[in-house]
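With full-length UniProt numbering applied, the sequence shown corresponds to residues 1 to 313, in that order.
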Amino acid sequence: MEPRPQPNNNSRSYLLAALLILAALNVLLLYFYYQERQDNKTKDATIAAKTEEVLVAKTKLDSISAQLDAKIAEIQQLGGSIDSLMKVKAQLEVDKRELKNVGTFDSKKYDQKIRNYQTILAQKDQEIARLKEENGVLTQQNANLNQENSGLKAERQTLSDSVVAVTSKNKELEEKVTIAAALRAEAVTVNGVNAKGKETDGGTYKAKRTDKVHVSVLLAPNGLAKQDEKVLYMRILDPNGAVVSDLATGSGEFTYNGQGMIYTAMQRFTFDNSRQRVDYFYGRGGQRFNEGKYTIEIYCEGFRIGEGEFTIK
């Protein structure tokens, strides 16, 4: 009988080395995958911060533009020259248009531009005061006040007190009517939408299968509300509490309680008191939603009228 061949030690060594190399490659691939996810999160945060800066700069430039128009009209009425202000206005419009390119936005550059515009506005206030004095506006006002006798002052004061009292009551009544006429959302639902447009409900959706979200706002009937065109603002807050926004997808700013607030998307509609539904389809321009719980806030005509939520896992 011939002896049985013994296992080749070299073959075993080669096999073990191959297994070790495969294990090392798997660890390396896992590291690269984790690093890419971290880089994407950092990029998302950077884009959101830059978008916020652009929106703030746009708001300030819009405010300066309104003040500039008012000063142009006043100086023109007083007979002053508006040539320099028209040049400033033209440059301001150029700066506003350039804001649309978020990628080239430089916050320091625009901060300096805004300071320069504010300085010009302050200088024009001085010019307006001088023009008023030259035209005798202030002098005439003082002369008219000096000519009033004590009886006329008392009569005017009495009338003024009556007007203030009536105005106060009217304002109080208007506020009550305004609150009663405010719209209210009966329900705010959120569905996930994949790349093929198929919707899924339930409130919890997988990040890799969620290309957009479909936010549906069901409005309650209200006979006191005016049946006219209204604007519904939607804010999506990410798991960190930051507003999901992008100028390229229609985000902007609105006023709530006297302060500017960033909105994710807005929808114009005509309210017809029929328990109607207003829908938003919002995507992040090809970017995935980060994992976590998101909050939806709905605003209309100065009121927060509803909210909802959804979760990405």
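Glycine is no exception: its CB is placed at the ideal position from the N, C-alpha and C atoms.
- prompt: Ile296 and Arg184 look like a contact to me (Cβ under 8 Å); what is the Cβ gap, rounded to whole Å?
  reply: About 15 Å separates the two Cβ atoms, so there is no contact after all.
message: Check for me: the beta strand (DSSP E) holding Gln259 runs from which residue to which?
response: 259 to 263
field: Contacts around residue 336, its chain only, beta-carbon distance under 7 Å, and the 5 residues preceding and following it disregarded
entry: Since the first and last residues shown for the chain are 1 and 313, residue 336 lies out of range.
query: From Ile120, Gly79, Asp69, Glu53, pick the residue whose C-alpha is nearest to that of Thr104; which is it?
result: Glu53
Alpha-carbon to alpha-carbon, Glu309 and Tyr233: 16 Å
message: I'd like the span of the alpha helix (DSSP H) that includes Asp125, first residue to last.
response: 107 to 134
query: Of the residues Lys226, Ile72, Gly302, Ala18, which one's Cα is nearest the Cα of Lys87?
result: Ile72
message: Please report the straight-line C-alpha distance between Val27 and Tyr14, rounded to a whole angstrom.
response: 20 Å
- request: Determine the contact status of Glu229 and Thr270, defining contact as a CB-CB distance below 8 Å.
  value: yes
query: Around the Cβ of Leu29, are there at least 16 other Cβ atoms within 10 angstroms (buried) or fewer (exposed)?
result: exposed
task: Pick helix, strand or coil for residue 319, following the three-state DSSP scheme.
output: What the structure shows of the chain is the stretch from 1 to 313, and residue 319 is not part of that stretch, so it cannot be assessed.
task: Give the range of the alpha helix (DSSP H) segment to which Leu218 is assigned.
output: No alpha helix (DSSP H) contains Leu218, which is instead part of the beta strand (DSSP E) from 212 to 219.
field: Endpoints, alpha helix (DSSP H) assigned at Lys96
entry: 83 to 98
query: Where does Asn222 sit, in a helix, a strand or coil, going by DSSP?
result: coil
message: At the level of alpha carbons, what is the spacing between Asp83 and Gln76?
response: If you draw a straight line from the Cα of Asp83 to the Cα of Gln76, it is about 10 Å long.
query: Would Gln287 count as contacting chain C if we go by Cβ distances under 8 Å?
result: Absent from the structure: chain C. Only one protein chain is present.
message: Measuring CB atoms only, is the region 239 to 251 touching the region 197 to 211, in the sense that at least three cross pairs come out at less than 8 Å?
response: no
- request: Starting from the C-beta of Gln67, find all residues in its chain whose C-beta is less than 8 Å away, skip the five residues before and the five after it, and write them out in chain order.
  value: The answer, listed in chain order, is Leu121.
query: Alpha carbon to alpha carbon, how far is Phe281 from Thr249?
result: 11 Å
query: For Ala187, does the three-state DSSP call read helix, strand or coil?
result: Looking at Ala187 - three-state DSSP - the assignment turns out to be strand.
DSSP three-state assignment for Phe289, whether helix, strand or coil: coil
- prompt: Smallest Cα separation from Asn257: which of Ser251, Phe303, Met266, Arg235?
  reply: Checked all of Ser251, Phe303, Met266, Arg235; the closest Cα to Asn257 is Phe303.
- prompt: Between the Cα of Asp279 and the Cα atoms of Val217, Thr264, Ala18, which residue gives the shortest distance?
  reply: Ranking Val217, Thr264, Ala18 by CA distance to the CA of Asp279 puts Val217 first.
query: Do you know how far the Cα of Lys313 is from the Cα of Gly197?
result: 19 Å
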